[in-house]
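>
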Amino acid sequence: MASDTFNSTSMENAPLSRGTFQPKSYGLSISELIQNFLDRERNSSLYKSNLEVRIAHECASLQEERCIRTQLEQQLAQLQWTKSQLEFANRNSQEEIDFLRKELSLEKEKSEDLGSRLATTLTLHETLQKSNLDGTTVEDRSVHEFQLLLQIQRQQELITELQILNQAHETTINTLQATLKDAVGAFSCSYCSGSDCSGTVVHTLTNDESLCPQDLKDKDVSLSPRNKESGTCYSVLGNMEQHSRQFRHSLYSIAEEITPQDHQILRNGGTSSNLERLPSRLKLSKTPFQSKTRQIENLTYEIGYLKAELSWHTESRQALLQLQEQMYEMFHRMEDALVQVNARLQEAEQRYLNFWGLDACTGGNEEMI
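Written as structure tokens, this is what we have:
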């Protein structure tokens, strides 16, 4: 019985002892869980606020990037328009340079013609002088003959001066022709055909292909001669315009990086086909999708290079126009000199005939007497 009571008491006390310790352990775990939960909630709220701040910052950055992209697109459109205008002006200057070269050759032919006319006039003058001197004796010479000799000497001096002036202008023409070859040497590849120029010729914009020299007359670039007294230039103008309508020039490709040495090569008549392609150009050719900034940089470089070429052609054009004005002035002087020489020759011939006519009349009267 005692054992039974002991067991019963022990069995009854055991659950009570466990029951008294369990609430303590459960209370500690719940407080820790609550504390952990509160800490996690605090951390989550802080993380949420940080995420909101980052989202706001990213939204502001996105808006700023959109504004920058819009500005870059506007700059790209402006640079493309400027590039097209420069290409158009460059092509016009090239056409005018070709026209001036042919006009210069025509003026040179006129100069040679005037030189031959001067030589013929000088020969006729010398022949008339010899016949005048051989036909009479010293005693029969009058004061008019000596005046005629003085005039002939003056005419010979004038002819000599005109010949010296013609030689000086020939030297100027040769110098300007060499300068012109240096200026337009970079565009020599545009005249070739086939695969030789396929790597260096760049097709111009299709919007400019319908333009012709007739349309260029309304603009600053004029293809008509400045001097209206030159009939030969006006006779060749129609052929030149027809030729320029049939043949269109194209710009050659421009290397990406060009050094001052390459600029010197271009000035000496070389073309961009002689320049080596750099690796950066090859890399860009393999990446068709370029950034807006890179496109703007490329267009800015090409625009600067086209401006340099346009200024060079403008200088060549001004030099050719100055040469043209000098040639017209020289031709007018030579024509005036030829007119004066012809008038003096006619006057001398008339005096010579009058002189011999008077001698014949006096001789006839003496015979009659």
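Residue numbers (my numbering): 14 to 382. The C-beta atom is built at its ideal place from N, Cα and C for all residues, glycine as well.
In whole angstroms, what is the alpha-carbon distance linking SER129 and ARG357?
If you number the sequence shown from 1, residue 129 lands on position 116. If you number the sequence shown from 1, residue 357 lands on position 344. Roughly 19 Å separates the two Cα atoms.
> Could you tell me whether the Cβ of HIS345 comes closer than 8 Å to any Cβ of chain D?
No chain D is part of this structure, which consists of one protein chain only.
> Round the Cβ separation of LEU333 and LEU117 to the nearest angstrom and send it over; I've been treating them as touching at under 8 Å.
Within the sequence shown, numbered from 1, the residue matching residue 333 stands at position 320. Within the sequence shown, numbered from 1, the residue matching residue 117 stands at position 104. Contact holds; Cβ gap of about 7 Å.
> Hey, LEU336 and THR185 are a contact pair by Cβ (cut 8 Å); roughly how many whole angstroms apart?
Within the sequence shown, the letter at position 323 stands for residue 336. Within the sequence shown, the letter at position 172 stands for residue 185. Going by Cβ atoms, the distance from LEU336 to THR185 rounds to 7 Å, so yes, they are a contact pair.
> For ARG330, which residues in the same chain have their Cβ closer than 8 Å to its Cβ, ignoring the five residues on either side in sequence?
Along the sequence shown, one-based indexing puts residue 330 at 317. Counting only Cβ-Cβ distances below 8 Å, and skipping sequence neighbours, we find SER106, GLU109, ILE110 and LEU113.
> CB HIS352 to CB THR134, shorter than 8 Å?
Mapped onto the sequence shown, residue 352 falls at position 339. Mapped onto the sequence shown, residue 134 falls at position 121. Correcting the residue type first, residue 352 is Val in the shown sequence and not His. The answer is no: Cβ separation not under 8 Å.
> On the CB-based measure, 16 or more other CB atoms within 10 Å of its CB, does THR60 come out buried or exposed?
Locating residue 60 in the sequence shown gives position 47, counting from the first residue. Looking at the sequence itself, residue 60 is Tyr, so the reference to Thr does not match. So TYR60 ends up on the exposed side.
> Suppose you measure from the CA of LEU189 to the CA of HIS182; what does that come to, to the nearest Å?
As a first step, residue 189 must be located in the sequence shown, where it is residue number 176. As a first step, residue 182 must be located in the sequence shown, where it is residue number 169. Distance between the alpha carbons of LEU189 and HIS182 is about 10 Å.
> For ARG167, count the other beta carbons within 10 Å of its own beta carbon; 16 or more makes it buried, fewer makes it exposed. Which is it?
If you number the sequence shown from 1, residue 167 lands on position 154. Per the 10 Å Cβ criterion, exposed.
> Please name the residue, chosen from ASN103, GLU78 and SER74, that lies closest to GLU328 on a Cα-to-Cα basis.
As a working mapping, residue 328 is identified with position 315 in the sequence shown. Among ASN103, GLU78 and SER74, the Cα nearest to that of GLU328 belongs to ASN103.
> Given a cut-off of 8 Å, decide if ALA321 and LEU171 are closer than it, judged by their beta-carbon atoms.
On the sequence shown, position 158 is the one that residue 171 refers to. On the sequence shown, position 308 is the one that residue 321 refers to. Cβ distance not < 8 Å, so LEU171 and ALA321 don't count as in contact.
> Measure the C-alpha to C-alpha separation of TRP325 and ASN179 and round it to an integer number of angstroms.
Taking the sequence shown and counting its residues from 1, the one referred to as residue 325 is at position 312. Taking the sequence shown and counting its residues from 1, the one referred to as residue 179 is at position 166. Looking at the two C-alpha atoms, the distance is approximately 28 Å.
> Which value, in whole angstroms, describes the spacing of the CA atoms of LEU366 and GLU139?
Numbered from its first residue, the sequence shown carries residue 366 at position 353. Numbered from its first residue, the sequence shown carries residue 139 at position 126. Distance between the alpha carbons of LEU366 and GLU139 is about 17 Å.
> Would you decide whether GLU77 is buried or exposed? Buried here means 16 or more other CB atoms lie within 10 Å of its CB.
Sequence index remark: in the sequence shown, residue 77 carries index 64 (1-based). When all chains shown are included, GLU77 counts as exposed.
> Please classify LEU175 as buried or exposed, where buried requires at least 16 other C-beta atoms within 10 Å of its C-beta.
The residue labelled residue 175 in the question sits at position 162 within the sequence shown. Answer is buried; the Cβ neighbour count reaches 16.
> Going straight from the alpha carbon of ILE81 to that of ALA69, what length do you get?
For this step, residue 81 is matched to residue 68 along the sequence shown. For this step, residue 69 is matched to residue 56 along the sequence shown. If I take the Cα positions, the gap works out to 19 Å.
> When you compare only the Cα positions, how much space is there between GLU362 and GLU122?
In the sequence shown, counting from the first residue as 1, residue 362 sits at position 349. In the sequence shown, counting from the first residue as 1, residue 122 sits at position 109. Answer to the nearest angstrom: the Cα atoms are 31 Å apart.
> Measure from the alpha carbon of LEU131 to the alpha carbon of each residue in ARG346, ARG364, PHE368 and GLY370, then state which is nearest.
For the purposes of this step, residue 131 is identified with residue 118 of the sequence shown, where counting begins at 1. It is ARG346 whose Cα lies nearest to the Cα of LEU131.
> Can you tell which of PHE344, SER62, ALA90 and GLN87 has its C-alpha closest to the C-alpha of SER124?
As a first step, residue 124 must be located in the sequence shown, where it is residue number 111. Answer by Cα proximity: PHE344.
> Between MET340 and GLU120, which are expected to be in contact by the criterion C-beta below 8 Å, what is the C-beta distance as a whole number of angstroms?
Stepping through the sequence shown from its first residue, residue 340 is reached at position 327. Stepping through the sequence shown from its first residue, residue 120 is reached at position 107. MET340 to GLU120, Cβ: 5 Å. Contact.
> Straight-line CA distance for ALA90 to LEU323?
The residue labelled residue 90 in the question sits at position 77 within the sequence shown. The residue labelled residue 323 in the question sits at position 310 within the sequence shown. Their Cα atoms are separated by approximately 21 Å.
> Using the Cα positions of LEU141 and ALA191, report the straight-line distance between them to the nearest angstrom.
For the purposes of this step, residue 141 is identified with residue 128 of the sequence shown, where counting begins at 1. For the purposes of this step, residue 191 is identified with residue 178 of the sequence shown, where counting begins at 1. Their backbone Cα atoms lie some 42 Å apart in a straight line.
> ASN63 to SER97, Cα distance in whole Å?
As a first step, residue 63 must be located in the sequence shown, where it is residue number 50. As a first step, residue 97 must be located in the sequence shown, where it is residue number 84. Roughly 51 Å between the two C-alpha positions.
> Determine the direct distance from the alpha carbon of ALA73 to that of PHE50, and round the result to whole angstroms.
Within the sequence shown, the letter at position 37 stands for residue 50. Within the sequence shown, the letter at position 60 stands for residue 73. Rounded to whole angstroms, PHE50 to ALA73 spans 34 Å at the Cα level.
> In angstroms, rounded to a whole number, what distance separates the CA positions of LEU137 and LYS143?
On the sequence shown, position 124 is the one that residue 137 refers to. On the sequence shown, position 130 is the one that residue 143 refers to. Computed Cα separation, rounded: 10 Å.
> Distance, Cα to Cα, ASP52 vs ILE43?
Position 39 of the sequence shown, counting from 1, holds the residue named residue 52. Position 30 of the sequence shown, counting from 1, holds the residue named residue 43. Cα to Cα, the separation comes out at about 14 Å.
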